[in-house]
Amino acid sequence: STTVVPDSRRTMRVSSFLVGLAHSSVRATVRQGMPTATAGARGLSCSGALPSPGLALNDGRTHPQIGFGTYKVGFIPASASAAAAGAEDAGAQGPTAKECVVAALGVGYRMLDCAQFYGNEAEVGAAIAESGVAREELYLASKCWTNTIFDGPGAVRAQVMRTLEDLGTSYLDLYLVHWPVPFKHVDAYVELQALKEEGLINSIGVSNYAVEDYEELVADDRVKIKPAINQIEVNPFLYRQQTVGFFEAEGVKLQAYRALRDGKAFEHPVILEVAAKHSKSAAQVLGRWCVQKGFIYMPKSVKPERMVENAAVFDWELDEEDLGQLDSLTTPGTLETFKALYEKCVYRDTPTPDRKDGIKSITAG
Numbered sequence: 044s045t046t047v048v049p050d051s052r053r054t055m056r057v058s059s060f061l062v063g064l065a066h067s068s069v070r071a072t073v074r075q076g077m078p079t080a081t082a083g084a085r086g087l088s089c090s091g092a093l094p095s096p097g098l099a100l101n102d103g104r105t106h107p108q109i110g111f112g113t114y115k116v117g118f119i120p121a122s123a124s125a126a127a128a129g130a131e132d133a134g135a136q137g138p139t140a141k142e143c144v145v146a147a148l149g150v151g152y153r154m155l156d157c158a159q160f161y162g163n164e165a166e167v168g169a170a171i172a173e174s175g176v177a178r179e180e181l182y183l184a185s186k187c188w189t190n191t192i193f194d195g196p197g198a199v200r201a202q203v204m205r206t207l208e209d210l211g212t213s214y215l216d217l218y219l220v221h222w223p224v225p226f227k228h229v230d231a232y233v234e235l236q237a238l239k240e241e242g243l244i245n246s247i248g249v250s251n252y253a254v255e256d257y258e259e260l261v262a263d264d265r266v267k268i269k270p271a272i273n274q275i276e277v278n279p280f281l282y283r284q285q286t287v288g289f290f291e292a293e294g295v296k297l298q299a300y301r302a303l304r305d306g307k308a309f310e311h312p313v314i315l316e317v318a319a320k321h322s323k324s325a326a327q328v329l330g331r332w333c334v335q336k337g338f339i340y341m342p343k344s345v346k347p348e349r350m351v352e353n354a355a356v357f358d359w360e361l362d363e364e365d366l367g368q369l370d371s372l373t374t375p376g377t378l379e380t381f382k383a384l385y386e387k388c389v390y391r392d393t394p395t396p397d398r399k400d401g402i403k404s405i406t407a408g
């Protein structure tokens, strides 16, 4: 039989956990040796927060280098790849998003990566309210999904307003176009420019953009503000060096999703070899690779002890031999798999998911 835990008991359980966490040694452990960002580096270390280097964006603002990902936290979207393939069930899963985000904020994460697609922004907002963390200490980011992008600028604006309401904030630090939906994504980005000018969004950017998508965007006469961010999948097993070099040259910072590959690479022999060499975990090796490459690292876990472990990446370094081993894990086959996924996803969840026109032949590497 299934035991139903009343909301009151669940709240007490989470609150008790956070009190214990705040007074335990795990927070001290993750902070030990981590560099406190200086004013000169425009760091974002706040009272109670994990010290995080601040990365300067091309719009003059600063982005923390570590954040907490909220994808599949408490909720699995119906069209998530694994759910669509029948490998996991859509809908509410495990601890609620509110519980997980309250825990993450208790650990010290201050940047939250959210999205319309993730289906949990209202719970994230409830967690923020319960946490007591001041708004000025937070960096809140979100994204509009393909169906909204397809529906046009009015839908994009309405979604931003809903996200503001759900997160309980009057502005967002960052907002992205989640996928470059053909014939539609430039219009969506132009609307984000207007919202930025109105003071509702501080920084704007894109996600899952290939070089060719970016070039199409900035070539449009209506685009006056270059994207500050491109959020892409990047890890040693999908290290698209040509693409990374292009965006770095453009002054666009890269947020890394799936930096930990959903745990699927934790037993890879190269990862284990490097981890043993440095007395670190597999997750810490992948996370350190991410930050050492200059990417924004946004690990996700529903377990507080893993949240702590994932953040311990700033007090040690990989050497050149390590980097060479890790960089070589991307193969031509993984690049082709990525390209096929890109082509599948640009029209995903739109009224024409099987449409082919407008899909670019992109730079995979």
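Quick note: the sequence shown uses the numbering used here, first residue 44, plus one each step.
Don't be surprised by glycine CBs; every beta carbon is placed ideally from N, CA and C.
Continuous beta strand (DSSP E) stretch holding residue i: start and end
i	result
Thr105	105-107
Asp216	215-220
Ser185	182-187
Asn245	244-250
Pair within 9 Å by beta-carbon distance, residue i and residue j
i	j	result
Arg137	Gly112	The amino acid at residue 137 is misidentified as Arg; the sequence shows Gly. No.
Lys320	Asp365	yes
Arg153	Pro196	no
Lys296	Phe338	yes
Ala158	Val199	no
Val313	Leu361	no
Val229	Asp263	yes
Val203	Ile244	yes
Phe280	Thr377	yes
Candidates the options, of which the one nearest residue i by Cα
i	options	result
Gln335	Leu303, Arg301, Trp359, Leu207	Trp359
Ala165	Leu260, Tyr152, Glu179, Leu207	Leu207
Cys187	Ala292, Gln327, Asp263, Val389	Val389
Ala354	Thr377, Phe160, Leu329	Leu329
Pro270	Phe280, Arg304, Ile192, Ile247	Ile247
Glu179	Leu260, Tyr218, Ala92, Phe290	Ala92
Glu255	Leu98, Asn101, Pro94, Gly408	Gly408
Pro96	Lys387, Cys143, Gly110	Gly110
Thr105	Ala146, Ile171, Asp216	Asp216
Residues sharing a beta bridge with residue i, DSSP
i	result
Glu276	Tyr300
Met154	Tyr182
Ile339	Gln298
Leu281	Asn278
Phe111	Leu155
Where the alpha helix (DSSP H) containing residue i begins and where it ends
i	result
Leu98	Here Leu98 belongs to no alpha helix (DSSP H); instead the beta strand (DSSP E) covers 97-99.
Ala201	196-210
Asp256	254-262
Glu234	228-240
Gly376	375-388
Val317	312-321
Ile171	164-174
Checklist entry - Could you give the uninterrupted runs of the alpha helix (DSSP H) lying entirely in the segment 344-371, keeping only those of 4 residues or more? => result Annotation note: the segment 344-371 contains the following uninterrupted alpha helix (DSSP H) runs of length 4 or greater, listed N- to C-terminal: 347-354, 363-370.
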